[in-house]
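Q: So the sequence lines, in the order shown, correspond to chains A and B. Mind the numbering: the first sequence is residues 1 to 248 in my numbering, read in order. Mind the numbering: the second sequence is residues 249 to 342 in my numbering, read in order. Even for Gly, the Cβ is constructed at its ideal location relative to N, Cα and C.
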Amino acid sequence: MAEFEALLEIADDHLILGHRISEWCGHAPMLEEDLALPNMGLDLIGTARTLYDHAGKLEGKGRSEDDLAYLRDEREYRNCLLVERPNEDFAHTMLRQFYFAAFMRPYWLAALDSTDETVRGVAGKAEKEMAYHIRHAGEWVIRMGDGTDESAARMRDAVEALHIYVDELFDSSDAAQEAEAAGVLPLRDALRTTWDRTVAEVFAEALLAQPEAAYAQRGGRQGIHNETLGHLLAEMQVVHRAHPGARW
Amino acid sequence: MTATTPLWEVFIRPRNGLAHKHVGSLHAADEVMALQSARDVYTRRGEGNSIWVVPSAAITASDPDQTAENFEPTADKIYRHPTFYEIPDDVGHM
């Protein structure tokens with residue numbers, strides 16, 4: 001069931017980041033961003049839904065997208081650690097989004113050649129969404145990095161806080177490696193050059209330096225998460241767990 | 249807020265061949281952010297395929313005090329409306 005597990009990892013990345021972004025809804029610093037952020041969150045959740053649905057069918061145990069999203073505990077979630085990082089401030093939020101999209105865009109472009117038809121379908125839609133996320137979040141990274149003393153300091157703090165979570169994006173779990181060997185999913189490691197270039201271009205304009213990571217924080221793919229994920233899941237799953245089978 | 253994020257007017261073209269139409273306004277720091285915000289605020293339901301943004305300050309508007317002298321003189325020139333001839337059925341939609 002390598003493909004099921006590998007798809008679950010990507011679906012979890014998208015759902016968790018989508019939920020994080022949705023936490024800004026009603027709290028963004030300006031109305032324009034209050035609409036832009038949920039737009040991006042919905043892109044991510046849409047991708048997660050298709051992947052969960054497909055993964056559930058491959059698993060063949062009758063689990064629906066809702067079962068997979070709402071009825072798994074923290075240790076069963078396989079998302080990378082970057083996407084579960086708290087929103088903190090606008091700088092953290094935009095940098096996290098930029099890092100993730102800079103990875104997923106080339107990932108989906110490569111996945112256009114997947115042997116799996118559903119993956120190809122998701123890739124065709126998601127690569128455009130990720131291109132926009134890179135642009136939107138990237139422009140904010142530039143404006144905050146090359147902005148006021150306050151915004152530049154916040155953006156530098158975000159870089160400092162998030163760069164240890166970057167390397168995990170390029171790791172392939174055992175399940176992912178199997179799916180990669182079967183031509184279902186792209187090689188994660190091969191995307192590093194593109195990611196580095198995308199980030200370097202924006203950082204040059206943003207007057208930011210990409211620090212060398214002294215160490216890389218990993219564990220998400222094994223279900224070992226930061227405690228913040230538990231809080232996120234509690235909020236995300238509470239209605240479904242309190243009212244099993246409820247419908248709108 | 250208006251000092252750092254001035255007002256922009258947003259125009260959307262719904263389809264190829266149609267004109268850009270004013271849909272509203274928004275605040276943004278510069279033209280790049282204004283275009284992105286316009287995309288996020290005004291095209292969420294497939295409203296169009298092209299966006300213009302224009303600084304509101306760049307628009308010169310007619311004076312409301314001159315409304316009467318500007319627009320009332322056309323009211324009695326109904327001959328300017330092409331409603332006085334019949335279009336043959338064969339012509340179809342014009």
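Let's test the definition: count the other Cβ atoms within 10 Å of the Cβ of alanine 270(B) and tell me whether it reaches 16, buried, or not, exposed.
A: Checking the displayed sequence, the identity of residue 270(B) turns out to be histidine instead of alanine. Label assigned to histidine 270(B): exposed.
Q: Can you have a look at cysteine 25(A) and say buried or exposed, based on whether 16 or more other CB atoms are within 10 angstroms of its CB?
A: Counting Cβ neighbours within 10 Å, cysteine 25(A) comes out exposed, since fewer than 16 surround it.
Q: Look at leucine 37(A) and isoleucine 16(A) and say whether their C-beta atoms are less than 8 Å apart.
A: Cβ atoms of leucine 37(A) and isoleucine 16(A): not closer than 8 Å.
Q: Taking just the CA atoms, how far does glutamine 97(A) sit from aspartate 116(A)?
A: Roughly 27 Å between the two C-alpha positions.
Q: Would DSSP call serine 298(B) helix, strand or coil?
A: Strand at serine 298(B).
Q: Start and end of the alpha helix (DSSP H) containing phenylalanine 4(A)?
A: Element bounds for phenylalanine 4(A): 2-22.
Q: Can you find a C-beta in chain A that's less than 8 Å from the C-beta of arginine 263(B)?
A: Taking Cβ atoms only, chain A never reaches closer than 8 Å to arginine 263(B), which makes this a no.
Q: Out of Ala216(A), Asp67(A) and His231(A), state which residue places its alpha-carbon closest to the alpha-carbon of alanine 161(A).
A: Residue Ala216(A) is the option with its Cα nearest to alanine 161(A).
Q: To the nearest angstrom, report how far apart tyrosine 52(A) and serine 151(A) are at their CA atoms.
A: Rounded to the nearest angstrom, the two C-alpha atoms are 38 Å apart.
Q: For alanine 123(A), I'd like the list of residues in its chain whose CB is within less than 6 Å of its CB, leaving aside the five on either flank, ordered along the chain.
A: Excluding positions up to five away in sequence, the list reads Trp108, Ala111 and Leu112.
Q: Ignoring anything shorter than 4 residues or poking outside the segment 159-216 of chain A, list the alpha helix (DSSP H) runs there in chain order.
A: You should have 174-181 and 192-206.
Q: Along the chain, where does the alpha helix (DSSP H) containing glycine 138(A) start, and where does it finish?
A: From DSSP, the alpha helix (DSSP H) with glycine 138(A) extends over 117-145.
Q: Let's test the definition: count the other Cβ atoms within 10 Å of the Cβ of serine 310(B) and tell me whether it reaches 16, buried, or not, exposed.
A: Label assigned to serine 310(B): exposed.
Q: Along chain A, which residues have their Cβ under 9 Å away from the Cβ of valine 301(B)?
A: The premise fails here: valine 301(B) is roughly 12 Å from chain A at the closest Cβ pair, so nothing lies under 9 Å.
Q: Alpha carbon to alpha carbon, how far is arginine 156(A) from arginine 143(A)?
A: The alpha-carbon atoms of arginine 156(A) and arginine 143(A) are separated by roughly 12 Å.
Q: Note down, in chain order, every chain A residue with its Cβ under 9 Å from the Cβ of arginine 292(B).
A: In chain order: Leu35 and Asn39.
Q: To the nearest whole angstrom, what separates the beta carbons of leucine 233(A) and glutamate 65(A), a pair I think is in contact under 8 Å?
A: Not a contact, Cβ separation roughly 16 Å.
Q: So is threonine 308(B) buried or exposed if we call it buried at 16+ other beta carbons inside 10 Å?
A: By the 10 Å Cβ count, threonine 308(B) comes out exposed.
Q: Would you say leucine 274(B) faces chain A, with C-beta separation under 8 Å as the test?
A: Cβ-Cβ to chain A under 8 Å: yes for leucine 274(B).
Q: To the nearest angstrom, report how far apart glutamate 235(A) and alanine 242(A) are at their CA atoms.
A: C-alpha separation (whole angstroms): 11 Å.
Q: Start and end of the alpha helix (DSSP H) containing phenylalanine 319(B)?
A: Taken as a continuous stretch (DSSP letters only), the alpha helix (DSSP H) holding phenylalanine 319(B) covers 315-319.
Q: For chain A, find out if any of its Cβ atoms is closer than 8 Å to the Cβ of valine 289(B); answer yes or no.
A: Yes, valine 289(B) counts as interfacial toward chain A.
Q: Strictly below 7 Å CB to CB, what residues from chain B border arginine 20(A)?
A: What arginine 20(A) touches in chain B: nothing, since even the nearest Cβ is about 18 Å away.
Q: Nearest-angstrom Cα distance between valine 238(A) and aspartate 67(A)?
A: Going from the Cα of valine 238(A) to the Cα of aspartate 67(A) covers about 13 Å.
Q: Report the rounded CA-to-CA distance for aspartate 34(A) versus glutamate 23(A), giving the unit in angstroms.
A: Answer to the nearest angstrom: the Cα atoms are 10 Å apart.
Q: Have a look at the DSSP bridge pairing and note the partners of valine 258(B).
A: For valine 258(B), which the question treats as bridged, DSSP gives the partners Gly272(B) and Val301(B).
Q: CB-CB under 8 Å to threonine 50(A), same chain, minus the five flanking residues each way: which ones, in chain order?
A: Correct list, in chain order: Thr118, Gly121 and Val122.
Q: Between Arg292(B), Ser285(B) and His275(B), which lies nearest to proline 262(B) when the distance is taken from Cα to Cα?
A: It is Arg292(B).
Q: Chain E beta carbons: is any one of them nearer than 8 Å to that of glutamate 32(A)?
A: This model lacks chain E altogether; the protein chains it does include are A and B.
Q: Against chain B, does arginine 135(A) count as a neighbour if the rule is that its beta carbon must be under 8 Å from one of theirs?
A: Taking Cβ atoms only, chain B reaches closer than 8 Å to arginine 135(A), which makes this a yes.
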